[in-house]
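Peer 1: Under this note's numbering, the first residue of the sequence shown is numbered 1, with each subsequent residue one higher.
All C-beta atoms in this analysis are idealised placements derived from N, C-alpha and C, irrespective of residue type, glycine included.
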Amino acid sequence: MRISTKGRYALRMLVDLAEHQGSGYIALKDVAERQGISKKYLEQIVALLNKSDILRTNRGYQGGYMLAQSPDKYTVGKILKITEGSLSPVACLAEAPNTCIRSLECKTLPVWEGLEKVITDYLNGITIQDIIDQSGEFSGYDYII
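1. With Arg56 as the anchor, note down where its beta strand (DSSP E) starts and where it stops.
2. Give the list of continuous alpha helix (DSSP H) stretches no shorter than 4 residues that lie fully inside the segment 50-113.
3. Which one of Asp16, Ala18, Val46 has the shortest CA to CA distance from Thr83?
4. Could you say which of Arg12, Asp130, Ser23, Ser4 lies nearest to Lys73 if we only look at CA atoms?
5. Assign Asp16 to buried or exposed, taking buried as 16 or more other Cβ atoms, counted over all protein chains shown, within 10 Å of its Cβ.
6. Am I right that Ser39 and Lys29 are in contact with their C-beta atoms under 8 Å? What's the rounded C-beta distance?
7. To which residues of the same chain is Lys81 closer than 7 Å at the C-beta, ignoring the five residues directly before and after it?
8. Take Lys78 as the anchor and find which of Ser4, Leu11, Lys117 has the nearest alpha-carbon.
9. Quick check on Thr127: buried or exposed, where buried means 16 or more other Cβ atoms within 10 Å of its Cβ?
10. Rounded to whole angstroms, how far is the Cβ of Leu42 from the Cβ of Val76, which I believe are closer than 8 Å?
11. Can you grab the Cα-Cα spacing for the pair Arg2 / Asp133, in whole Å?
12. Could you check where the alpha helix (DSSP H) with Tyr9 kicks off and where it finishes?
13. Among the residues of its own chain, which have a CB less than 6 Å from the CB of Glu33, if the five just before and after it don't count?
14. List the endpoints of the continuous alpha helix (DSSP H) containing Arg34.
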C-alpha cells in the first residue's frame, strides 16, 4: 500500500484549514502558497472532499474553504479513504464481501486481514486535531552537553 500525493496533500490542506479556522473562509491560493502545492492540484482534491461534505465553501469576495466540523471529527483514515479509495494491503480485501474465488481456502488471507485491521485502526485513531496538537509538542532537537 502506498499513499499517493492526493491523499498526503489532502491531509496537509485540511490541517492547514484547521490551523487557520479562526480566520474564516480560507482562499485556496493561500493554502497552496503555504503548503507549496499547486492550486490546480488542490482544486482536484477539493472536488473529492466536497462530495463528502468535509468542507464548507463560500464563493465570491472573502470566499474560500473551511472545515464543516471541528478538526477532532476528521480521522486520517476517513480522509485517506476518500482520496485513495481503498486502504487495503491486497486487492482481494478492497471490496466487501471478498469475491476472490480462493478466499475460503486461502491460508494467507488472515495475515492480510490482520494487516488491514492494524492499518485501519491506526489511521482511524488519529484526527486532524491530534496532528495539530502533536506538531506543537515538537520544537526541534534540543541537545544539552
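Peer 2: Concretely, from the data shown:
1. 55-58
2. 76-84
3. Val46
4. Asp130
5. buried
6. According to the sequence shown, residue 39 is Lys rather than Ser. Yes, Lys39 and Lys29 are in contact; Cβ-Cβ is about 5 Å, under 8 Å.
7. Leu87
8. Leu11
9. buried
10. About 18 Å; that fails the 8 Å criterion.
11. 25 Å
12. 5-19
13. none
14. 28-35
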